[in-house]
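Enquirer:
Residue numbers (the numbering used here): 563 to 886.
1. Taking the straight line between their C-alpha atoms, what separation do you get for residue 609 and residue 674?
2. Is the CB-CB distance between residue 773 and residue 579 below 8 Å?
3. How would you label residue 878, buried or exposed, when you count the other beta carbons within 10 angstroms and need 16 or more for buried?
4. Taking DSSP as the reference, what is the three-state secondary structure of residue 832?
5. Name the two residues that bound the continuous alpha helix (DSSP H) containing residue 576.
6. Taking the beta carbon of residue 597 as the centre, do at least 16 other beta carbons fall within 10 Å, making it buried, or is it exposed?
7. Please list the terminal residues of the continuous alpha helix (DSSP H) segment that includes residue 753.
8. Check the DSSP bridge columns for residue 670 and list the partner residues they point to.
9. Tell me where the alpha helix (DSSP H) around residue 875 begins and ends.
10. Can you give me the Cβ contacts of residue 633 inside the same chain, cut-off strictly under 6 Å, excluding the 5 residues immediately before and after it?
11. What number of angstroms, rounded off, separates the C-alpha of residue 577 from the C-alpha of residue 834?
12. Which two residues bound the contiguous alpha helix (DSSP H) that contains residue 594?
13. For a cutoff of 8 Å on Cβ pairs, would you count residue 771 as touching chain C?
14. With DSSP run on the structure shown, which of helix, strand or coil describes residue 792?
15. Between the Cα of residue 850 and the Cα atoms of 697, 784, 746 and 692, which residue gives the shortest distance?
16. Return the Cβ separation of residue 699 and residue 635 in integer angstroms, given the expectation that the two are a contact with Cβ distance under 8 Å.
17. Identify, in the order they occur along the chain, each residue of the same chain with its Cβ nearer than 8 Å to the Cβ of residue 754, setting aside the five sequence neighbours on each side.
18. If I follow the unbroken alpha helix (DSSP H) through residue 737, where does it start and stop?
19. Residue 662 and residue 841 look like a contact to me (Cβ under 8 Å); what is the Cβ gap, rounded to whole Å?
20. Give every residue of the same chain whose Cβ lies closer than 7 Å to the Cβ of residue 693, excluding the five residues on either side of it in the sequence, and list them in chain order.
21. Of the choices 756, 696, 793 and 606, whose alpha-carbon is the least far from that of residue 655?
22. Which residue wins for smallest C-alpha separation from residue 807, given the options 640, 573, 626 and 603?
23. Kindly indicate which three-state DSSP category residue 700 falls into: helix, strand or coil?
24. Helix, strand or coil: which one does DSSP assign to residue 682?
25. Could you say which of 762, 770, 764 and 780 lies nearest to residue 602 if we only look at CA atoms?
26. Can you tell which of 801, 707 and 822 has its C-alpha closest to the C-alpha of residue 629?
27. Ordered along the chain, which non-local residues of its own chain (more than five positions away) have a Cβ less than 6 Å from that of residue 863?
28. Label residue 777 either buried or exposed according to how many other C-beta atoms from any shown protein chain fall within 10 Å of its C-beta, with 16 as the threshold for buried.
29. In terms of residue numbering, what span does the alpha helix (DSSP H) encompassing residue 817 cover?
30. Which word fits residue 613, buried or exposed, when buried means at least 16 other C-beta atoms lie within 10 angstroms of its C-beta?
31. Among 737, 751 and 838, which has the Cα closest to the Cα of residue 856?
32. Answer yes or no: do residue 873 and residue 688 have a C-beta to C-beta separation smaller than 8 Å?
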């Protein structure tokens with residue numbers, strides 16, 4: 563498999579995957595439950611492949627960078643909630659869309675953000691090492707913010723088990739699987755060769771995830787397209803604000819350029835694919851909450867394609883004199 567071609571064209575592939583998923587959702591709407599059921603296993607595959615691509619020793623070393631972690635946590639769990647709440651208060655419309663918007667904007671991404679960070683020359687190892695911390699902290703932050711903004715009734719409906727399940731399936735299981743496979747590969751040359759091939763499957767696996775998500779939610783988005791489209795300016799505003807804050811915070815903290823870029827991508831990219839099952843659990847009371855989450859994914863992918871070109875200009879190579 564030509565991994566260089568896949569890396570160069572991943573944004574086009576991701577957008578194409580969304581279009582294919584929407585086409586499938588339109589052509590065969592009865593298959594939506596099947597696509598929905600496929601999302602979590604496919605995400606587990608993507609994250610496992612991500613962990614396989616980085617030796618465990620590098621992950622342990624990266625997580626010891628306390629300054630990077632503090633900046634990452636401050637941007638994602640102090641500034642981002644304030645920004646998300648402010649935007650949600652400016653927006654008026656269906657309560658389900660507001661709940662979905664808050665859910666997704668409060669949760670930093672733990673999966674494909676690593677891919678885009680690497681594409682822009684960011685420190686993917688440091689960011690990947692921080693993903694368990696990011697997921698654990700969002701378990702604590704999301705209910706608190708929702709309680710303050712939306713009230714206890716909404717928070718009571720948030721399935722805490724969904725967060726625990728997400729952590730086990732999205733972080734613990736892939737990490738254990740990757741460690742086991744790497745240990746096995748150390749004793750079996752055939753397994754090592756198979757893993758080398760498997761590690762090239764990150765982009766194709768991400769394509770499958772986006773096809774499944776788009777196909778599963780297409781009918782809901784289409785039925786409420788006018789209402790869902792009103793969220794787009796809010797999502798764009800969030801991305802612009804968080805980019806500016808992350809660049810400034812990285813410079814003030816004197817992070818290296820690769821780590822600064824990682825902070826920017828983490829600040830903007832949200833955990834939509836992991837939050838989606840939680841939004842689905844709220845869909846009886848807030849039927850449009852999942853549509854708000856999927857809408858954010860679509861907007862975000864376009865923005866990430868732009869950021870791959872823009873962020874290296876905001877934090878250019880050779881600008882270490884600003885960060886040291």
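Just so you know, even glycine gets a beta-carbon here, dropped at the ideal spot from N, CA and C.
Expert: With the structure as the only source:
1. Stepping through the chain shown from its first residue, residue 609 is reached at position 47. Stepping through the chain shown from its first residue, residue 674 is reached at position 112. So the alpha carbons of these two residues sit roughly 8 Å apart.
2. Taking the chain shown and counting its residues from 1, the one referred to as residue 773 is at position 211. Taking the chain shown and counting its residues from 1, the one referred to as residue 579 is at position 17. Cβ atoms of residue 773 and residue 579: closer than 8 Å.
3. The residue given as residue 878 occupies position 316 in the chain shown. Under this definition residue 878 is an exposed residue.
4. For the purposes of this step, residue 832 is identified with residue 270 of the chain shown, where counting begins at 1. Of the three classes helix, strand and coil, the one that applies to residue 832 here is strand, per DSSP.
5. To locate residue 576, count along the chain shown from 1; it is residue 14. From DSSP, the alpha helix (DSSP H) with residue 576 extends over 572-589.
6. Within the chain shown, numbered from 1, the residue matching residue 597 stands at position 35. The residue is buried, with at least 16 neighbouring Cβ atoms inside 10 Å.
7. Counted from its first residue, the chain shown places residue 753 at position 191. Element bounds for residue 753: 751-760.
8. Numbered from 1 along the chain shown, position 108 holds the residue referred to as residue 670. Paired residue(s): 832.
9. The residue you call residue 875 lines up with position 313 of the chain shown. From DSSP, the alpha helix (DSSP H) with residue 875 extends over 851-876.
10. As a working mapping, residue 633 is identified with position 71 in the chain shown. Cβ neighbours of residue 633 beyond the five flanking positions: 811, 815 and 825.
11. Taking the chain shown and counting its residues from 1, the one referred to as residue 577 is at position 15. Taking the chain shown and counting its residues from 1, the one referred to as residue 834 is at position 272. C-alpha separation (whole angstroms): 16 Å.
12. Counting from one through the chain shown, the residue named residue 594 turns up at place 32. Here the alpha helix (DSSP H) through residue 594 covers 594-614.
13. The displayed structure is made up of one protein chain only, and chain C is not part of it.
14. Within the chain shown, the letter at position 230 stands for residue 792. Three-state result, residue 792: coil.
15. By 1-based counting over the chain shown, the position of residue 850 is 288. The shortest Cα separation from residue 850 among 697, 784, 746 and 692 belongs to 784.
16. Counting from one through the chain shown, the residue named residue 699 turns up at place 137. Counting from one through the chain shown, the residue named residue 635 turns up at place 73. Contact flag correct, Cβ pair sits at about 7 Å.
17. Numbered from 1 along the chain shown, position 192 holds the residue referred to as residue 754. So the qualifying residues of the chain are 747 and 748.
18. Translated into positions along the chain shown, residue 737 becomes position 175. Counting along the chain, the alpha helix (DSSP H) containing residue 737 begins and ends at 735-747.
19. Mapped onto the chain shown, residue 662 falls at position 100. Mapped onto the chain shown, residue 841 falls at position 279. Right, the Cβ-Cβ distance comes to about 5 Å (below 8 Å), so this counts as a contact.
20. Here residue 693 refers to the residue found at position 131 of the chain shown. Cβ within range, chain order: 672 and 733.
21. Here residue 655 is taken as the residue at index 93 of the chain shown, counted from 1. When each option's Cα is compared against that of residue 655, the closest is 793.
22. Along the chain shown, one-based indexing puts residue 807 at 245. It is 640.
23. Reading the chain shown from its first residue, position 138 is the one you call residue 700. Residue 700: helix per DSSP, three-state reduction.
24. As a first step, residue 682 is located in the chain shown; it is residue number 120 there, counting from the start. Three-state result, residue 682: coil.
25. The residue given as residue 602 occupies position 40 in the chain shown. Of 762, 770, 764 and 780, the residue nearest in Cα terms is 770.
26. Along the chain shown, one-based indexing puts residue 629 at 67. The candidate whose alpha carbon is nearest that of residue 629 is 822.
27. Working through the chain shown from its first residue, we reach residue 863 at position 301. Cβ within range, chain order: 576.
28. In the chain shown, the residue the question calls residue 777 occupies position 215. Label assigned to residue 777: buried.
29. What you label residue 817 is simply residue 255 of the chain shown in a count that begins at 1. No alpha helix (DSSP H) contains residue 817, which DSSP labels as neither H nor E.
30. The sequence position of residue 613 within the chain shown is 51, counting from 1. Buried, since its Cβ has 16 or more Cβ neighbours within 10 Å.
31. As a first step, residue 856 is located in the chain shown; it is residue number 294 there, counting from the start. It is 838.
32. On the chain shown, residue 873 is found 311 positions in, with the first residue counted as 1. On the chain shown, residue 688 is found 126 positions in, with the first residue counted as 1. It is not a contact, given that the beta carbons lie outside the stated cut-off.
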